[in-house]
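Trainee:
Protein chains: 2
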Amino acid sequence: MQEGKGTKSLAVALGLLDYFTEERLQLGLSALARLSGLPKANVFRHLLALEEKGYIKQDAATKKYQLGFKPLELAYLVNKQFSLRDVVLPYMKRLKEETNETVCLQVEDSGRGICIERLESNNRLLYLPPLGSREYLHAGASRKVLLAFLPEERIAEIIDAGLPAVTAKTVTDPEQLRRDLKLIREKGYAVTEEEHVEGVSAISAPVRGRDGKVVASLSIVGPAFRFNREKKEKYLEKLLQTVREISRELGYLPAEQRN
Amino acid sequence: MQEGKGTKSLAVALGLLDYFTEERLQLGLSALARLSGLPKANVFRHLLALEEKGYIKQDAATKKYQLGFKPLELAYLVNKQFSLRDVVLPYMKRLKEETNETVCLQVEDSGRGICIERLESNNRLLYLPPLGSREYLHAGASRKVLLAFLPEERIAEIIDAGLPAVTAKTVTDPEQLRRDLKLIREKGYAVTEEEHVEGVSAISAPVRGRDGKVVASLSIVGPAFRFNREKKEKYLEKLLQTVREISRELGYLPAEQRN
DNA sequence: AACCAGTGGTTCAATATATGAACCATAATT
DNA sequence: AATTATGGTTCATATATTGAACCACTGGTT
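Protein chains in written order, with the working numbering: chain L, 836 to 1094; chain P, 836 to 1094.
#1: Name the one or two DSSP bridge partners that P999/P has.
#2: Identify the residues that DSSP records as bridge partners of T937/P: which are they?
#3: Count the C-beta pairs between the region 934–943 of chain P and the region 1044–1055 of chain P that are closer than 8 angstroms, then say yes if the count reaches three, no if not.
#4: Quick one: list the residues of chain L neighbouring P964/P, beta-carbon separation under 9 angstroms, in chain order.
#5: Measure the C-alpha to C-alpha separation of L1071/P and R1079/P and round it to an integer number of angstroms.
#6: At a Cβ threshold of 7 angstroms, is T1002/P touching chain L?
#7: So that I know if they touch, is there some Cβ in chain L lying closer than 7 angstroms to that of P906/P?
#8: If you measure beta-carbon to beta-carbon, which residues of the region 892–921 of chain P are closer than 7 angstroms to chain L?
#9: For the beta strand (DSSP E) that K892/P lies in, which residues bound it at each end?
#10: Can you find a CB in chain L that lies within less than 7 angstroms of the CB of T1095/P?
#11: Please give me, in chain order, every unbroken run of the alpha helix (DSSP H) with length at least 4 that falls completely inside the region 993–1052 of chain P.
#12: Using a Cβ-Cβ cut-off of 6 angstroms (strictly less than) and excluding sequence neighbours within five positions of E857/P, which residues of its own chain qualify?
#13: Less than 7 angstroms between CB atoms is the rule here; does G967/P satisfy it with respect to chain L?
#14: Pairing CB atoms from the region 874–884 of chain P with CB atoms from the region 911–925 of chain L, are three or more of them under 8 angstroms?
#15: Is the region 1008–1018 of chain L close to the region 977–993 of chain L, with three or more CB pairs under 8 angstroms?
#16: Which residue from V1035/L, L862/L, E1021/L puts its Cα closest to that of T1027/L?
#17: Given that F1176/P touches chain L, what residues does it touch there, using C-beta distances under 7 angstroms?
#18: Below 7 angstroms between beta carbons: does that hold for E970/L and G948/L?
#19: List, in chain order, every chain P residue whose beta-carbon is nearer than 9 angstroms to that of D944/L.
#20: If we cut at 7 angstroms on Cβ distances, does K1048/L have a partner in chain P?
#21: Counting along the chain, where does the alpha helix (DSSP H) carrying E887/L start and finish?
#22: Within 7 angstroms (strictly less), CB to CB, does S1052/P reach chain L?
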């Protein structure tokens, strides 16, 4: 038993699940063995166990494997853990109705931003972030807000890990990013353009929990051309009002409201 | 290596995840060891690996473990696999607006019914099925529809496995159930009252794929007292119309519509 | 303040267990 | 008919999992 703490075979087997992606929803035994570099027999036994537990499923027709329903079951519980989500949802609905742009709730997890809830714009052209995908914290308003309020040492870690350009406008310079984060902390919100997805603008603000710690970011996101100055100002006002209300409901009393 | 095909330690470790339930969202190391009957050291190593892979997460404050975000990520892909879901969603929306009751899409998987999509009623009092949970096929309209169109040998299997009473009104008599299923096949829909949840009525009909095989059930579900005769008839008509349209979009041509 | 019972976490020798090369049987391709 | 895929199987080997026992720590009881 070496590096990579914990049961090795377990890590290896779970690693197999990671080869299933949006582009490769189905994978054959041989393909998985090739991708993972593991012997077929080994992969096969892992697949058997994974199948028995409902994590994957063999397509009876093609004999190929695909993800099973178990993750759905677990994901349901994961959502339950976030009472946060329940509190926030009605506010998100209102915000979406007021702006008719996609509204998105993100949390930080192990140095990445994860969208745990989103309400899609009714516009024909809209931004729609995948639920659950893990995105870099240095690109895009929703995640920069999360990053800005992390403890300094974690910020340093993340910056040191490198700042890959996600789009042409992603901030890749550590100094620039640090300035951005400082500004976000001072102003209490982030506005970005095309840092994370080309043609997409976003406005984001932090949601604070009882102890004042930032527990999530709430964002209004949409096609850049719809975010003109006037709208940005309007949206920003509504967003800030909303996160204030949410934070209050979560038990956070901002300084200026304390007696 | 004995019964329970596949990598044993993997099955064991994944089994640990099953101890997390709606009531027990957080579990400590000792608790998990106790519940599973495994030695702590063993559980601990599994937890380490699961944590590394994002399936669980240790709450820094309580030191207890809870589910991580990985399942969310996988669940997203699972949903992708169901282009079904995308096709059906707009129809579900319409149905929900027309009825203002919860509308729910279920599929069969390994002898259980799984809700893969639902739109909640706007009513203050509403039925809300958990996404992803695995329910008996013999109780409730949504699942009886799925059961009714399974191959005979699978129906036999499921009946032989036993028909536990989920509520006082669950059909537990094999003969009665077989009659019910026959009726569902003949009429093309199921109407049930309090078979699955006390005080809840449901109307359900099968969605058919290109080859005519039933791929899902679509249901209107809500408090029994709101489902009077008049409404049932109205809902049923709308539901049948909807599943016809969906099945058509999925490429299914009913006999009477073929040239 | 000493105790106890609980917790999360660690150690290490024994052996049960996962491993992987080589092997089928079958189905497409060539 | 030969070739090269595929999913699946076998079996000896030794590695990686196992579990009893042990820490260090915390919070509650007496």
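Even for Gly, the Cβ is constructed at its ideal location relative to N, Cα and C.
Mentor: Quick answer:
#1: Against the second sequence, residue 999/P aligns to sequence position 164. Paired residues: none, contrary to the question.
#2: Along the second sequence, read from residue 1 onward, the residue named residue 937/P stands at position 102. For T937/P, which the question treats as bridged, DSSP gives the partners V1056/P.
#3: yes
#4: Position 129 of the second sequence, counted from the first residue, corresponds to residue 964/P. Those within 9 angstroms of P964/P in chain L number zero; the least Cβ separation is about 10 angstroms.
#5: Mapped onto the second sequence, residue 1071/P falls at position 236. Mapped onto the second sequence, residue 1079/P falls at position 244. Those two C-alpha atoms are separated by around 12 angstroms.
#6: Here the question's residue 1002/P lines up with position 167 in the second sequence. No, T1002/P does not count as interfacial toward chain L.
#7: Start at 1 with the first residue of the second sequence, and residue 906/P comes out as number 71. For P906/P, the answer is yes, since a Cβ of chain L falls inside 7 angstroms of its Cβ.
#8: Q901, L902, F904, P906, L907, E908, L909, A910, Y911, L912, V913, K915, Q916
#9: Counting from one through the second sequence, the residue named residue 892/P turns up at place 57. From DSSP, the beta strand (DSSP E) with K892/P extends over 891–893.
#10: Not covered by the structure: residue 1095/P. The range shown for chain P is 836 to 1094.
#11: 1009–1022
#12: One-based indexing of the second sequence puts residue 857/P at position 22. So the list is empty, once near-sequence residues are dropped.
#13: Looking up residue 967/P in the second sequence gives position 132. Yes, because at least one Cβ of chain L sits closer than 7 angstroms to the Cβ of G967/P.
#14: no
#15: yes
#16: In the first sequence, counting from the first residue as 1, residue 1027/L sits at position 192. Cα-wise, what sits closest to T1027/L is V1035/L.
#17: A question about residue 1176/P goes unanswered here, because the residues of chain P that appear run from 836 up to 1094.
#18: Within the first sequence, numbered from 1, the residue matching residue 970/L stands at position 135. Within the first sequence, numbered from 1, the residue matching residue 948/L stands at position 113. It is a contact, given that the beta carbons lie within the stated cut-off.
#19: The residue labelled residue 944/L in the question sits at position 109 within the first sequence. Within 9 angstroms Cβ-Cβ: G889, K892, G903, F904.
#20: Here the question's residue 1048/L lines up with position 213 in the first sequence. Taking Cβ atoms only, chain P never reaches closer than 7 angstroms to K1048/L, which makes this a no.
#21: In the first sequence, residue 887/L corresponds to position 52, counting from 1. It spans 875–887 - the alpha helix (DSSP H) in which E887/L sits, taken as one unbroken run.
#22: Within the second sequence, numbered from 1, the residue matching residue 1052/P stands at position 217. It does not: the Cβ of S1052/P has no partner Cβ on chain L nearer than 7 angstroms.
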